[in-house]
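According to full-length UniProt numbering, the sequence shown is numbered sequentially starting from 1.
Virtual Cβ for every residue (Gly too), placed ideally from N, Cα, C.
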Amino acid sequence: MSNFKRYLVTAALPYANGPVHIGHLAGCYLPADIYVRYQRAQKRDIKFIGGSDEHGVPITIRAMKEGVSPQQIVDKYHALIRESFDQMGISFDIYSRTSNKVHHETAAAFFKKLYDDGLFEEKETEQYYDEKTNTFLADRYITGTCPVCANPNAYGDQCEKCGSSLSPEQLINPRSTLSDAVPVKRKTKHWYFPLQNYEDWLKDWILEGHKEWKNNVYGQCKSWLDSGLQSRAMTRDSSWGVKVPLPDTEGKVLYVWFDAPIGYISATKELTEDWADYWCKEDTKLVHFIGKDNIVFHCIIFPAMLKAHGEFILPDNVPANEFLNIEGDKVSTSRNWAVWVHEYIKDFPGCEDVLRYVLCSNAPESKDNDFTWKDFQDRNNSELVSIFGNFVNRAFVLMHKLCGGKVPPLHADVLDEVDKNLLAEFEIAKGKVEESLENFKFRDALFEVIDLARKGNKYMQEKEPWIVAKRLTEDPDAQKLIDNCLHICLQLTANLAILINPFLPSTSKKMLHLMKVVDKLLDWDNAGKTKLLSVGYSLRAPELLFRKIENEEIEAQVAKLKAGLIKPVETVKPEAETKKGETAAADAGAEPKTVKEQIQYDDFAKLDLRVGTIVAAEKVPKADKLLKLQVDLGFETRTIVSGIAAHFKPEDITGKQVVVVANLAPRKMRGIESNGMILMAEDKTGKLHFVNPVDAIDNGSSVS
């Protein structure tokens, strides 16, 4: 169906276990907002649905790490995420949360209908169990050594170091993250959704019916379908989530990827009493904006669920973006390699539209793209400031200087081909932008808007009204030529305000303020028109739309980014510098009887202490005191030379968690570059002891 009466747009629900970063924005929230703002300008009936995903293992893991309840975690991060979206202009009609009562009721009712219709397979299987905590372990609660890269802290579903997909059975020496105990297998009952029963329907619906979908989406769906689908458990053993609505199911909840997409439905219920019009009527266009890691859930699992239920419409399109890397490296929240949105807003107040512009113009629409701070600066200074902002500013400055601060008339008798060609570009640009937006090509659409401003600059340079002004006393047509040039430039400015609004809404509002016009101007029907500003209408004095971003600001951001990710640094003194009775690892010697010279807090804050795991150890040839260690810090494995050979055998400390001083300058020991210092404590007998966490903790965790 092409003549839809209403639109329903969803953006993937972010996990409420941490703040959002720019990769999230570029992936789905910004393109969704651009699309929605454009459809609103078209005066179409559209609802934009968002919310926090507050169930699942990531929430409980974060709660465990912070020593608080899951509810405290979701309350904290839901508020932070919502505020970040608000400040970045992501204009949800509702931003809900899956911990709300209406969601629990909606998800439970959805599950119960499928159960009552006999669509689930009930199976008893053996799953990993922690006997110390009496808990069945989800895959993320199990860690062990990766069979592919030997990372000792791979999760039961994935190794974050090499990216391999895993199962707990593949891990070497698996252990529970709850207690560090070796998990055992125990029987448990769950309800499975037989995806294979919907395989033929999905092939017809996607592979035949939606060939217009983006290549990355279509291709991933085809790969999954060609490989064959299998039954998937839709329940989990947990105390956190939507409880399974069946008798004798205490301690069981709905699988997070079963309940999370139902959050779109429950949020719409919160938003409007007419929610069923948007979810159950075939003349509604449903569009899911997601990142590529969510394709299988939104294109295969959730549609199969909707089909099985029978009362809901299916998505018309699922425009998924690829990933956005940062400074040439993959975004990693565990390594803190990210640009956090709430921090950007503090560091660049009033520059929200600049980030929107850069993320859209560099959007990973068809392949992974890279964000760099230098590119951010260049796009701001060379495109927003020098092209778009420069054109608008020059038009207003010259209008005040040469036309008395009012919109001048257009004189047909001196209108030439250059004037006519630029006027024609208004409608041409509108058509190109519109076509690109309808087809989810946001980068192309934004390029056309900037290109129209570029053409305005070129036109102004050709017409040179400031030069023509010098002929006012001798050329009777000089004022007419000036009027025509600035009249066209001001009408172009009004068009730019309309066309840029979906992308840079704050900038568009600034332009409306300068032109002293109301929001009604932003109706899409007005785009392309050449008589938007009335002749003789007074306009405000010019104000800069954008500011130049200086090198110092960019250098500070790069330094901040790198400071969050520990760079290879060192540990120990060269052996020749080691004093008698002192270990190079600890720099301690006998227990001091007095406290060393007092330092300030800022001095201590300079230390970067991180938890790591010794994954390999060996003696350094011809050095009785030294061991060469390989220490996994989560984001990388480092070589550290430590003077502890007299106290420990290499085989006894492999697998030991330690605390590393990470920001000492690299030093060579017996020709080996050492990158870190292992913290040790020395008792009164001179024996060394590792300073380490009592319970196992993620490698790379900060110590403070």
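Counting C-beta neighbours from all protein chains within 10 Å, is the total for residue i 16 or more, i.e. buried, or is it exposed?
i, result
"ARG540", "exposed"
"THR594", "Here the model assigns THR594 a pLDDT of 46, short of 50, so the residue's position is not dependable and the matter cannot be decided."
"LYS222", "exposed"
"GLN461", "exposed"
"ALA586", "The pLDDT assigned to ALA586 is 36, lower than 50, so where the model puts this residue is not dependable; a value taken from the coordinates is nonetheless given after this. Classification of ALA586: buried, given that the 10 Å Cβ count is 16 or more."
"ASP53", "buried"
"TRP201", "exposed"
"ALA584", "For ALA584, the predicted structure reports a pLDDT of 35, less than 50, and the residue's modelled location is therefore unreliable. A value from the coordinates is still provided. With 16 or more Cβ atoms within 10 Å of its Cβ, ALA584 is classed as buried."
"GLU651", "exposed"
"LYS285", "buried"
"SER382", "exposed"
"VAL518", "exposed"
"THR125", "exposed"
"residue 727", "Outside the displayed span of the chain (1 to 704) sits residue 727, for which this structure offers no information."
"ASP419", "buried"
"THR162", "A quick correction: the sequence has Cys, not Thr, at residue 162. Exposed, by the Cβ-count rule."
"HIS513", "exposed"
"GLY564", "exposed"
"GLN196", "exposed"
"ALA412", "exposed"
Here's a check: name, in chain order, each residue in its chain whose Cβ is nearer than 6 Å to the Cβ of residue i, leaving out the five neighbours to either side.
i, result
"PRO592", "Note that PRO592 scores 40 on pLDDT, short of 50, meaning its location in the model is unreliable; the coordinates nonetheless yield the value given after this. If we look at PRO592 and ignore the five residues flanking it on each side, it has no Cβ neighbours."
"HIS288", "THR10, HIS298, PRO315 and VAL318"
"PRO542", "ASN393, PHE396 and VAL397"
"ALA590", "For ALA590, the predicted structure reports a pLDDT of 36, less than 50, and the residue's modelled location is therefore unreliable. The matter cannot be settled from this model."
"ILE295", "VAL217, GLN220 and ALA320"
"PHE258", "MET234"
"GLU250", "none"
Which residues in the same chain as residue i place their Cβ atom closer than 7 Å to its Cβ, once the five residues preceding and following it in sequence are excluded?
i, result
"ALA453", "ILE387, PHE388, PHE391 and LEU496"
"VAL102", "SER266, LYS269 and GLU270"
"LEU472", "ALA478 and GLN479"
"GLN39", "TYR7 and ILE46"
"LEU533", "VAL407, LEU490, GLN491, ALA494 and MET515"
"ASP695", "ASP180"
Tell me the rounded alpha-carbon separation between residue i and residue j.
i, j, result
"GLU673", "PHE648", "21 Å"
"ILE614", "ILE34", "48 Å"
"LEU271", "LEU607", "49 Å"
"ASP683", "GLY18", "40 Å"
"LYS132", "GLY209", "51 Å"
"TRP337", "TYR344", "14 Å"
"VAL658", "SER332", "22 Å"
"ALA16", "HIS78", "5 Å"
"GLU105", "PRO245", "9 Å"
"LYS480", "PRO408", "9 Å"
"GLU575", "ASP86", "Confidence in GLU575 is poor, its pLDDT being 32 and thus under 50, which makes the residue's placement unreliable; the coordinate value appears in the next sentence. So the two alpha carbons sit approximately 56 Å from each other."
"ARG547", "PHE348", "11 Å"
"GLU352", "ASP93", "20 Å"
"ASP545", "PRO194", "According to the sequence as given, residue 545 is Leu; it is not Asp. Cα to Cα, the separation comes out at about 55 Å."
"ASP368", "PRO31", "15 Å"
"LEU410", "ARG44", "34 Å"
"SER231", "TYR128", "19 Å"
"ASN100", "ILE498", "37 Å"
"ASN551", "VAL385", "15 Å"
"GLU464", "ASP378", "27 Å"
"THR135", "PRO247", "20 Å"
Excluding five sequence neighbours on each side, which residues of the same chain lie with their C-beta closer than 8 Å to the C-beta of residue i?
i, result
"LEU415", "ASN484"
"ILE73", "ALA16, ASN17, ILE59, ARG62, ALA63 and GLU66"
"SER334", "GLU160, GLY634, PHE635, ASP698 and GLY700"
"LEU422", "LYS455, GLY456, TYR459, ILE488 and LEU492"
"THR372", "ILE326, GLU327 and GLY328"
Compare the beta carbon distance of residue i and residue j with 8 Å and say whether it is the shorter of the two.
i, j, result
"PHE503", "VAL449", "yes"
"ILE644", "LEU688", "yes"
"VAL433", "ILE22", "no"
"CYS28", "GLY291", "yes"
"ALA150", "ASN501", "no"
"GLU327", "LEU25", "no"
"ARG670", "LEU626", "yes"
"PHE4", "ASP283", "yes"
Check whether the Cβ of residue i lies closer than 8 Å to any Cβ atom in chain B.
i, result
"LYS47", "Given the protein chain composition of this structure (a single chain), no chain B is represented."
#### Entry: Contiguous alpha helix (DSSP H) assignments of at least 4 residues, all confined to the region 219 to 290
You should have 256 to 271 and 275 to 280.
### Message
Threshold first: 3 residues or longer. Then list the beta strand (DSSP E) segments lying entirely within the region 380 to 433, N to C.
### Response
Segments of the beta strand (DSSP E) lying fully in the region 380 to 433: there are none.
### Task
Please specify which runs of the beta strand (DSSP E), each continuous and at least 3 residues long, are wholly inside the region 125 to 178, giving them in chain order.
Within the region 125 to 178, the complete beta strand (DSSP E) runs of at least 3 residues are 142 to 145 and 172 to 176.
### Message
Please give me, in chain order, every unbroken run of the alpha helix (DSSP H) with length at least 4 that falls completely inside the UniProt domain "TRNA-binding" (603 to 704).
### Response
Runs of the alpha helix (DSSP H) lying entirely within the UniProt domain "TRNA-binding" (603 to 704), each at least 4 residues long, are 650 to 653 in chain order.
### Entirely enclosed alpha helix (DSSP H) segments - the region 280 to 358, minimum 4 residues
For the alpha helix (DSSP H) assignment, the uninterrupted runs of no fewer than 4 residues enclosed by the region 280 to 358 are, from N- to C-terminal side, 302 to 309 and 341 to 347.
### Task
Output the residue ranges of the alpha helix (DSSP H) runs that lie fully inside the region 175 to 219 and measure 4 residues or longer, sorted by chain position.
List check, alpha helix (DSSP H) in window: 199 to 202.
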